[in-house]
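**Q** If you use our numbering, the sequence shown corresponds to residues 1 to 317, in order. One structure, pasted below without further comment.
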Amino acid sequence: MKDYIDQSLLEKYHHLMMNEQWIACEKQLPKVTEFTISNWLDRLIIERLESKMVMVDSWAKVTSYEWQKVQLIALARAFGMKVNNEAFEKLMTQMNINLFYKYADDPLKLEALLFGCAGFLTGKNYQEDYFTELKEEYEYLNHLHGFRGLSSIEWKFLRMRPYNFPTFRLAQFSGLLHKRVQWFEFLQVESLEVLKEDLNGIQTSSYWKNHFHFHKLSKDHNTTLTRDFIDHIILNAFVPVLFSYGRYVGNQGLHQKALDWLQVLPVEKNTIVKSYQTQGICAKTAGESQALIHLYKQYCTTKRCLDCAIGYALLSR
């Protein structure tokens, strides 16, 4: 085979494969044109959405294409962040969405449902009025409906900021359900600002203004969703469902709206995006930061240089 391949091309490929730097082409990136990188990132945005679509489609099948619940599962997973996303997803997948409609106007019942099914009310007897009310309410609701919940050991608290504690995020998620259950309807809005404004108005019960966990008093703090967290929710919960639903119903307008939202949302702040920035590839939108994440995870770490437009450009020089 070597007789049919240019020797210099083999040497370039071998050099990339043997490179031990952060990414194989780290030192050669300045040689790649901005046009090549820009076009490649546009393609990777689609690939990233298509990879997320696989998960959304699995939720759609599990729920018999009940898209309201699919949206809530996506929201729950986003509230769990990276550490607790699977536990949040599991919790929401098991829950009956009709109970959220039934108790949407009663914050205590919603919180009892979520904290009880999450396993945070089992085996504990904290001497707090709020906790006691939740536990009694959950026991009554469990008697009525018979829940299949999680164990509290499925939730992680170590090495994370208190604002990301699953108990605090569950309280905020309860506030989201109290405001409305039908968040899927927001995929129809034309302006992203309308969705942001509604998410900005979510409130928790007063207990969580000086608690991040049960029976652990803290200084007073804000309980509304921050601007960064709202962007995180839209990016990781609304955009993937919008894209997937657009494909499901064959609506190109919804498909395009998902791409448009990615161009409006700000760049994500993470180590992958920052590392590419130091190499001269600067994301300007959330769509481009998603593309860089996909590039790193699906191409760079596995050294799929031959499948990468950047790698191909370097090897073709």
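Here a beta-carbon is modelled for each residue, glycine too, at the ideal position from N, C-alpha and C. It should be emphasised that the depicted structure is a prediction, and the values quoted were computed from it without experimental measurement.
Count Cβ pairs between the segment 157-168 and the segment 77-95 that sit closer than 8 Å; are there 3 or more?
**A** Taking 8 Å as the limit for Cβ pairs, the verdict is that the segment 77-95 does touch the segment 157-168.
**Q** Which partner residues of Lys216 appear in the DSSP bridge assignment?
**A** Its beta-bridge partners are His213.
**Q** Label Tyr4 either buried or exposed according to how many other C-beta atoms from any shown protein chain fall within 10 Å of its C-beta, with 16 as the threshold for buried.
**A** Note that Tyr4 scores 49 on pLDDT, short of 50, meaning its location in the model is unreliable and no value can be drawn from it.
**Q** Compare the beta carbon distance of Ser174 and Glu111 with 7 Å and say whether it is the shorter of the two.
**A** Against a cut-off of 7 Å, the Cβ pair of Glu111 and Ser174 comes out as a contact.
**Q** Do Ala60 and Asn236 count as a contact pair if the criterion is CB distance below 7 Å?
**A** No, they are not a contact pair.
**Q** Give, in chain order, every unbroken run of the beta strand (DSSP E) that is at least 3 residues long and sits entirely within the segment 103-149.
**A** Entirely contained in the segment 103-149, not one beta strand (DSSP E) run reaches 3 residues.
**Q** Using C-beta distances below 7 Å, list every residue in its chain close to Leu262, excluding the 5 sequence neighbours before and after it, in chain order.
**A** So the qualifying residues of the chain are Ile45, Val239, Thr285, Ala286, Gly287, Gln290.
**Q** I'd like to confirm something about Asp57: is its beta-carbon nearer than 6 Å to some heavy atom of the ligand COA, or not?
**A** In the structure on display, the ligand COA does not appear, and there are no ligands present to speak of.
**Q** Measure the Cβ-Cβ separation of Leu176 and Ile153 and say whether it is below 7 Å.
**A** It is not a contact, given that the beta carbons lie outside the stated cut-off.
**Q** For the segment 113-132 and the segment 213-223, state whether three or more C-beta atom pairs, one from each stretch, are separated by less than 8 Å.
**A** With a cut-off of 8 Å, the segment 213-223 and the segment 113-132 count as touching, because enough Cβ pairs lie within range.
**Q** Flag this pair as touching only if the segment 216-232 and the segment 20-40 have three or more C-beta atom pairs under 8 Å; answer yes or no.
**A** With a cut-off of 8 Å, the segment 20-40 and the segment 216-232 do not count as touching, because too few Cβ pairs lie within range.
**Q** Determine the contact status of Leu295 and Ala283, defining contact as a CB-CB distance below 7 Å.
**A** No; because the gap between Cβ atoms is not below 7 Å, this pair is not in contact.
**Q** Do you know how far the Cα of Phe100 is from the Cα of Cys25?
**A** For Cys25 and Phe100, the distance between alpha carbons rounds to 51 Å.
**Q** Could you tell me the alpha carbon to alpha carbon distance between Pro166 and Gln94, rounded to whole angstroms?
**A** Cα to Cα, the separation comes out at about 17 Å.
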